[in-house]
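J.: If you read the sequences in order, they're chains A and B. Under UniProt numbering, the first residue of the first sequence is numbered 1, with each subsequent residue one higher. Under UniProt numbering, the first residue of the second sequence is numbered 1, with each subsequent residue one higher. For glycine and all other residues, C-beta sits at the position ideal for the given N, C-alpha and C.
2 protein chains.
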Amino acid sequence: MPTPFTDLSRLSLNQATTQHWSVRQAVEGCVRVGVPAIGFWRHKVAETGLQESARIVREAGLQVSSLCRGGWFDALTAEGRRKQLDDNRRAIEEAATLGTDVLVLVCGPAANRDLPSARAYVEEAIATLLPYAAENGVRLGIEPLHPMYTGDRSVIVTLEQANSIVQRLTHEYVGVVIDVYHVWWEPDIEAQIRAAAGRILGFHICDWLVPTPDMLNGRGMMGDGVIDIRRLRGLVEEAGYNGLIEVEIFNNALWEMPGDEVLQLMASRYLAHA
Amino acid sequence: MPTPFTDLSRLSLNQATTQHWSVRQAVEGCVRVGVPAIGFWRHKVAETGLQESARIVREAGLQVSSLCRGGWFDALTAEGRRKQLDDNRRAIEEAATLGTDVLVLVCGPAANRDLPSARAYVEEAIATLLPYAAENGVRLGIEPLHPMYTGDRSVIVTLEQANSIVQRLTHEYVGVVIDVYHVWWEPDIEAQIRAAAGRILGFHICDWLVPTPDMLNGRGMMGDGVIDIRRLRGLVEEAGYNGLIEVEIFNNALWEMPGDEVLQLMASRYLAHA
Numbered sequence: 001m002p003t004p005f006t007d008l009s010r011l012s013l014n015q016a017t018t019q020h021w022s023v024r025q026a027v028e029g030c031v032r033v034g035v036p037a038i039g040f041w042r043h044k045v046a047e048t049g050l051q052e053s054a055r056i057v058r059e060a061g062l063q064v065s066s067l068c069r070g071g072w073f074d075a076l077t078a079e080g081r082r083k084q085l086d087d088n089r090r091a092i093e094e095a096a097t098l099g100t101d102v103l104v105l106v107c108g109p110a111a112n113r114d115l116p117s118a119r120a121y122v123e124e125a126i127a128t129l130l131p132y133a134a135e136n137g138v139r140l141g142i143e144p145l146h147p148m149y150t151g152d153r154s155v156i157v158t159l160e161q162a163n164s165i166v167q168r169l170t171h172e173y174v175g176v177v178i179d180v181y182h183v184w185w186e187p188d189i190e191a192q193i194r195a196a197a198g199r200i201l202g203f204h205i206c207d208w209l210v211p212t213p214d215m216l217n218g219r220g221m222m223g224d225g226v227i228d229i230r231r232l233r234g235l236v237e238e239a240g241y242n243g244l245i246e247v248e249i250f251n252n253a254l255w256e257m258p259g260d261e262v263l264q265l266m267a268s269r270y271l272a273h274a
Numbered sequence: 001m002p003t004p005f006t007d008l009s010r011l012s013l014n015q016a017t018t019q020h021w022s023v024r025q026a027v028e029g030c031v032r033v034g035v036p037a038i039g040f041w042r043h044k045v046a047e048t049g050l051q052e053s054a055r056i057v058r059e060a061g062l063q064v065s066s067l068c069r070g071g072w073f074d075a076l077t078a079e080g081r082r083k084q085l086d087d088n089r090r091a092i093e094e095a096a097t098l099g100t101d102v103l104v105l106v107c108g109p110a111a112n113r114d115l116p117s118a119r120a121y122v123e124e125a126i127a128t129l130l131p132y133a134a135e136n137g138v139r140l141g142i143e144p145l146h147p148m149y150t151g152d153r154s155v156i157v158t159l160e161q162a163n164s165i166v167q168r169l170t171h172e173y174v175g176v177v178i179d180v181y182h183v184w185w186e187p188d189i190e191a192q193i194r195a196a197a198g199r200i201l202g203f204h205i206c207d208w209l210v211p212t213p214d215m216l217n218g219r220g221m222m223g224d225g226v227i228d229i230r231r232l233r234g235l236v237e238e239a240g241y242n243g244l245i246e247v248e249i250f251n252n253a254l255w256e257m258p259g260d261e262v263l264q265l266m267a268s269r270y271l272a273h274a
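1. Excluding the 5 residues preceding and the 5 following V210(B) in the sequence, name in chain order all residues of the same chain whose CB lies nearer than 8 Å to its CB.
2. Could you tell me the distance, in whole angstroms, from the CA atom of N251(A) to the CA atom of D207(A)?
3. Work out the CA separation of I178(A) and F73(A) for me, nearest whole Å.
4. Taking 8 Å as the threshold, find out whether the stretch 238-255 of chain B comes into contact with the stretch 182-196 of chain A through three or more Cβ pairs.
5. Span of the beta strand (DSSP E) holding A272(A)?
6. Between Q25(B) and the rest of its own chain, which residues show a CB-CB distance below 7 Å, the 5 nearest in sequence each way excluded?
7. Enumerate, from N- to C-terminal direction, the unbroken alpha helix (DSSP H) stretches of 4 or more residues contained entirely within the stretch 148-174 of chain A.
8. Show which residues of chain A have a CB atom less than 8 Å away from the CB atom of D152(B).
9. Consider the Cβ of T158(B): report whether some Cβ of chain A lies at a distance smaller than 8 Å.
10. State the CB to CB distance for the pair E248(B) and A46(B), rounded to an integer number of angstroms; the pair is presumed to be in contact (CB under 8 Å).
11. Any beta carbon from chain B within less than 8 Å of D74(A)'s own beta carbon?
12. Quick check on DSSP: helix, strand or coil for A37(A)?
13. Using 10 angstroms around the beta-carbon of L105(A), count the other beta-carbons present and answer buried if the total reaches 16, otherwise exposed.
14. N217(B) by DSSP, collapsed to three states: which one?
15. For A253(B), count the other beta carbons within 10 Å of its own beta carbon; 16 or more makes it buried, fewer makes it exposed. Which is it?
16. Check the Cβ of P187(B) against every Cβ in chain A and list those closer than 9 Å, keeping chain order.
17. Counting Cβ pairs closer than 8 Å, one from the stretch 191-204 of chain B and one from the stretch 156-164 of chain B, do we hit at least three?
18. At a CB-CB cut-off below 7 Å, which residues of chain B make contact with M215(A)?
19. In chain order, what residues of the same chain lie with their CB nearer than 7 Å to the CB of R153(A), ignoring the 5 residues before and after it?
20. On the three-state DSSP scale, how would you describe Q15(A)?
21. Is it buried or exposed, N88(A), if we count other Cβ atoms within 10 angstroms and call 16 or more buried?
22. What residues are listed by DSSP as bridge partners for V177(B)?
23. Please list the residues of the stretch 4-38 of chain B that have a C-beta atom closer than 8 Å to any C-beta atom in chain A, keeping them in chain order.
24. Does the structure place the stretch 95-105 of chain B close enough to the stretch 48-60 of chain B that three or more beta carbon pairs sit under 8 Å?
25. Looking at the secondary structure, which residues open and close the beta strand (DSSP E) in which S66(B) lies?
26. Pop quiz: I92(B) and A133(B) are said to be a contact at Cβ under 8 Å. What is the actual Cβ separation, rounded to whole angstroms?
27. In the stretch 101-113 of chain A, which residues sit with their C-beta less than 9 Å from some C-beta in chain B, listed in chain order?
28. Among E143(B), L129(B), E123(B) and E79(B), which one has its Cα closest to the Cα of G202(B)?
29. DSSP puts V106(A) in a beta bridge; with which residues?
30. Going by DSSP in three states, V247(A) sits in which element: helix, strand or coil?
31. Relative to the C-alpha of G70(A), which candidate in V122(A), A60(A) and L115(A) has its C-alpha closest?
32. Taking the runs of the beta strand (DSSP E) that are 3 residues or longer, which of them lie wholly in the stretch 118-148 of chain A?
33. Run through the DSSP bridge pairs and tell me what W208(A) is partnered with.
34. Between the alpha carbons of P213(A) and T18(A), how many angstroms are there, rounded?
35. List, in chain order, every chain A residue whose beta-carbon is nearer than 9 Å to that of D260(B).
36. Just to confirm, are S66(A) and V33(A) a CB contact at a threshold of 8 Å?
In structure tokens form, the structure reads like this:
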């Protein structure tokens, strides 16, 4: 077991955790509570404006851990696919402008019942984007999602799958993003985190609530669920990852709380459980 | 792709699909609609009485595809574990009395955050039960559940895991039960179904709805969701399974329909999609 954290120097607020806050509100909240980093979402950045968001976070002196999300490779037509790839190129540029070198990819969903083809196309799409990512100094982080999202979000649903793609692509601008919510159940998680060594671009935490109140927006604050977060943190660190740790919690109840309280709770739970 | 079915000779009604029907109602419904087999649940059998249930199904001339469920190995104390093992021995006896040689096991949940220990204990518990299962002529079917049930139902969540346990136990009375709902997302499902050859004790079908209305009771009728059921049936048959196919659908909306309509719909969807 790794030793508990005693400071917040590696903590990052993923903006999904404070869904109702703007970029400015989230940045200012982090500064007030002493959270040194933030992970952005594209739709939030778009609301504030890209350049303005970049200016706000730069002036506040926060680090930017990642931008969510690229990917969403579900088009079946050549035209649809071209548009999606172009949109991902914009996402790469946005990441660079915001000052992060990690774009998180959600790799799916399938457009029909043909999962094997959808999986093959995801890999092809990532390969297509890699030269542009490298040009912009932005790494593509494949985030395997929980298998319960196979039908509507991601066809990449295990760390093993993400690792396999990274190994086949052999490109220094691709890696994996590990979110405990999505992978905690994996029977061979120890081996898969070891296999990801040197390719871990991000580590996200939250908790799995029992019962889960909502499949999308029912994730829990660390300590409220059943995930052994500290053990997973230890495995990720043994694999060499010592970067920022994003707290990303989609939770309807949390979103109704005042943002400062959410950040304070997040910080104390991070110290107690991560 | 396997050829579509043209008759109902391999169809079985898992009793969960007609949740509000008693054993007698379900058996009589199967006879009316021409479904030749049924899979029972213990709590339903208990309501009607074990001997009475056995008599009803025998007199109706239906086959019994399986009994759900044994397992539920989550006790941490020696006393608690002894009680659960005894309860599983009763389940084995009930299966034999009902005229089926398959007891379906739900293998979990974990009692705390220690998943590795919970997984090890599940395997130990199954090993402990196997001599009694063999004595009674009842095989234990490890049914991996979907990973979204890791927190509250089953720590065995992939076919790969179930296969590994079966391989390690090397006992002819243990095998796997494959439910498309639980395993359709597995990236290496083809290989895992091949690996299960000779050990497949049951095949369950339903569909994955998008969106899923409820994590437990939001499963879909075949054809209403995104699972390529026929492809999975083909893989299971290539692996040598030609036994009964249970339709097991936990769905609140379906349970409000008249039972005969559910069975007729199930039969026509089975012919069209399985």
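T.: If we stick to the structure as given:
1. By 1-based counting over the second sequence, the position of residue 210(B) is 210. Closer than 8 Å at Cβ, skipping near neighbours: G225 and V226.
2. For the purposes of this step, residue 251(A) is taken as the residue at position 251 of the first sequence. For the purposes of this step, residue 207(A) is taken as the residue at position 207 of the first sequence. Those two C-alpha atoms are separated by around 11 Å.
3. Numbered from 1 along the first sequence, position 73 holds the residue referred to as residue 73(A). Numbered from 1 along the first sequence, position 178 holds the residue referred to as residue 178(A). So the alpha carbons of these two residues sit roughly 20 Å apart.
4. no
5. The residue given as residue 272(A) occupies position 272 in the first sequence. Per DSSP, A272(A) belongs to no beta strand (DSSP E); it is in the alpha helix (DSSP H), G259 to H273.
6. Taking the first residue of the second sequence as position 1, residue 25(B) is located at position 25. Cβ within range, chain order: G259.
7. 159-169
8. The residue given as residue 152(B) occupies position 152 in the second sequence. The contacting residues are V210 and P211.
9. Position 158 of the second sequence holds residue 158(B). Cβ-Cβ to chain A under 8 Å: yes for T158(B).
10. One-based indexing of the second sequence puts residue 248(B) at position 248. One-based indexing of the second sequence puts residue 46(B) at position 46. Not confirmed; about 19 Å, so no contact.
11. Taking the first residue of the first sequence as position 1, residue 74(A) is located at position 74. Closer than 8 Å: no.
12. Start at 1 with the first residue of the first sequence, and residue 37(A) comes out as number 37. Of the three classes helix, strand and coil, the one that applies to A37(A) here is strand, per DSSP.
13. Your numbering for residue 105(A) matches position 105 in the first sequence. The residue in question, L105(A), is buried, as its Cβ has 16 or more Cβ neighbours within 10 Å.
14. What you label residue 217(B) is simply residue 217 of the second sequence in a count that begins at 1. In this structure, N217(B) counts as coil in the three-state DSSP scheme.
15. For this step, residue 253(B) is matched to residue 253 along the second sequence. Looking at its Cβ environment, which holds fewer than 16 other Cβ atoms inside 10 Å, A253(B) is exposed.
16. Against the second sequence, residue 187(B) aligns to sequence position 187. Residues of chain A passing the Cβ test: L115, R119, V155, I156, V157, T158, E160, Q161 and S164.
17. yes
18. Within the first sequence, the letter at position 215 stands for residue 215(A). Chain B residues near M215(A): T212 and M215.
19. Residue 153(A) sits at position 153 when you count from the first residue of the first sequence. Counting only Cβ-Cβ distances below 7 Å, and skipping sequence neighbours, we find V106, G108, P109 and L145.
20. Stepping through the first sequence from its first residue, residue 15(A) is reached at position 15. If DSSP states are grouped into helix, strand and coil, Q15(A) belongs with the helices.
21. Against the first sequence, residue 88(A) aligns to sequence position 88. With 16 or more other Cβ atoms within 10 Å, it is buried.
22. Counting from 1 along the second sequence, the entry for residue 177(B) is found at position 177. Answer by DSSP bridge pairing, in chain order: G202(B).
23. none
24. yes
25. Counting from 1 along the second sequence, the entry for residue 66(B) is found at position 66. That run of the beta strand (DSSP E) goes Q63 to G71.
26. Position 92 of the second sequence, counted from the first residue, corresponds to residue 92(B). Position 133 of the second sequence, counted from the first residue, corresponds to residue 133(B). Correct: roughly 5 Å between the Cβ atoms.
27. P109, A110, N112 and R113
28. By 1-based counting over the second sequence, the position of residue 202(B) is 202. Considering only alpha carbons, the answer is E143(B).
29. For the purposes of this step, residue 106(A) is identified with residue 106 of the first sequence, where counting begins at 1. DSSP lists G71(A) as partners of V106(A).
30. Within the first sequence, the letter at position 247 stands for residue 247(A). The answer is strand: DSSP assigns V247(A) an E or B state.
31. The sequence position of residue 70(A) within the first sequence is 70, counting from 1. Selected option, being the one with the closest Cα: V122(A).
32. 139-142
33. Counting from one through the first sequence, the residue named residue 208(A) turns up at place 208. Paired residue(s): R219(A).
34. Within the first sequence, the letter at position 213 stands for residue 213(A). Within the first sequence, the letter at position 18 stands for residue 18(A). The alpha-carbon atoms of P213(A) and T18(A) are separated by roughly 18 Å.
35. Indexing the second sequence from 1 puts residue 260(B) at position 260. Near D260(B) there are no residues of chain A at all, since even the closest Cβ is about 29 Å away, more than 9 Å.
36. The residue you call residue 66(A) lines up with position 66 of the first sequence. The residue you call residue 33(A) lines up with position 33 of the first sequence. It is not a contact, given that the beta carbons lie outside the stated cut-off.
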